[in-house]
Amino acid sequence: MGWLTSLARGLGLGGRALRPEIPDPLWAALLRQYPFVGWRSLTDQQQLRALCVEFLAHKEFFGVRGFVVSDPIALAVAAQACLPVLHLGLKAYSGFVGIVMHEGPVRAQREWVDDTGLVHIWQEELVGEAVGDGPVMLSWHEGAAPSATQGPAAFNVVIHEFVHILDSLDGELDGTPPMPRALRRGWQASLQLAFDRFDERSACGYSSVLDDYGSQDVAEFFAVSSEAFFTMPWAFQQEQPDLYRLYADFYRQDPASYPAP
Ligand SMILES: [Zn+2]
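For the sequence shown, the working numbering begins at 3 and goes up steadily by one.
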């Protein structure tokens, strides 16, 4: 356990509830390693840093099979997780406490019974998972680490899983998170249209700023396109201008308004 995470859990100083301070060098390293945080305005960065302090104070990290969740790792997860709720608030994440971290991907056994009663069993490799009110599972090297987030298409496992949490706050993982009624009116139709277009485009082999995984279903498309909204907003705005506007209203952020680095 790192210093930030141990302080966050009130250990060390008589068990008093403490807010961990994020040391300046640690924050500076985060801004360098995750450019989509680094190119944000100072105001955004200060708000994000304050949210990270709250996040670290209320969440518990567990490293699996000897994986040590150091301070830079805990902070990297906190910052990426807090980006989608920068202007929505941390309350959205109050349904769970634990974040389980693996060094690499995890093999999970899946089971599905078809209409004829035949049981299909297969192995799946996961780099992240968020289910209901259970702990969030993340892989460091293939998921949350800086090197995992750099590629031609947007890829960010932490944002992806935390967007699933937002999405499922109303009990359904369907690409429509709880939102003000005025916004909700056009949401499903716009998202479905963008999803259908993306599905056609990826079937025809067009390149996209969105990861192919988004063609699974609308919920995955919402998570995958949100990754692009936060980490490659200029390209995303160009490719999906309507969806960009919709997300800017929902997340109350306009990341493409910053000068591209
Ligand atoms: Zn997903």
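The C-beta atom is built at its ideal place from N, Cα and C for all residues, glycine as well. Note that the coordinates shown come from a computational prediction; the quantities given were computed from them, not determined experimentally.
Asked                                                                               : Found
heavy atom of ligand 3 below 7 Å from E126 C-beta                                   : No copy of ligand 3 occurs in the structure displayed; its ligands are ligand 1 alone.
Straight-line Cα distance separating V220 from E62                                  : 30 Å
Minimum length 3: unbroken beta strand (DSSP E) runs contained in the segment 23-82 : 62-65
Reduced DSSP category for Q240 - H, G, I as helix; E, B as strand; rest coil        : helix
Residues bridged to Q111 (per DSSP)                                                 : Q125
Three-way DSSP call (helix, strand, coil) for V165 in this model                    : helix
E229 CB to nearest heavy atom of ligand 1 below 7 Å                                 : no
V133 in three-state terms, based on DSSP                                            : coil
Residue range of the unbroken alpha helix (DSSP H) whose run includes V226          : 220-233
F231 and Y215 closer than 8 Å at C-beta                                             : no
Inter-residue Cα distance where the pair is D273 and L128                           : This structure cannot speak to residue 273, because the chain is shown only from 3 to 263.
Distance cut-off 7 Å: A225 Cβ against heavy atoms of ligand 1                       : yes
Any non-hydrogen atom of ligand 1 closer than 7 Å to E144 Cβ                        : no
Spatially closest choice to G205 from S217, V211, A196, by CA coordinates           : According to the sequence provided, residue 205 is Ala. The question's Gly does not apply to it. It is S217 whose Cα lies nearest to the Cα of A205.
Collapsed DSSP secondary structure at V99 in the structure displayed                : coil
Segment limits, alpha helix (DSSP H) that includes S204                             : 183-205
S149, DSSP secondary structure in three states                                      : helix
Endpoints, the beta strand (DSSP E) within which L140 is located                    : 138-141
heavy atom of ligand 1 below 7 Å from H162 C-beta                                   : yes
Where Y246 falls, given that 16 or more other Cβ within 10 Å makes a residue buried : buried
Nearest-angstrom Cα separation, counted from S149 out to H143                       : 8 Å
Sub-8 Å separation of Q194 and T178 beta-carbons                                    : no
Bridge partner(s) assigned by DSSP for H104                                         : S141
CA nearest to the CA of F157, picked from G130, Y208, W41                           : G130
Secondary structure of P257, DSSP reduced to three states                           : helix
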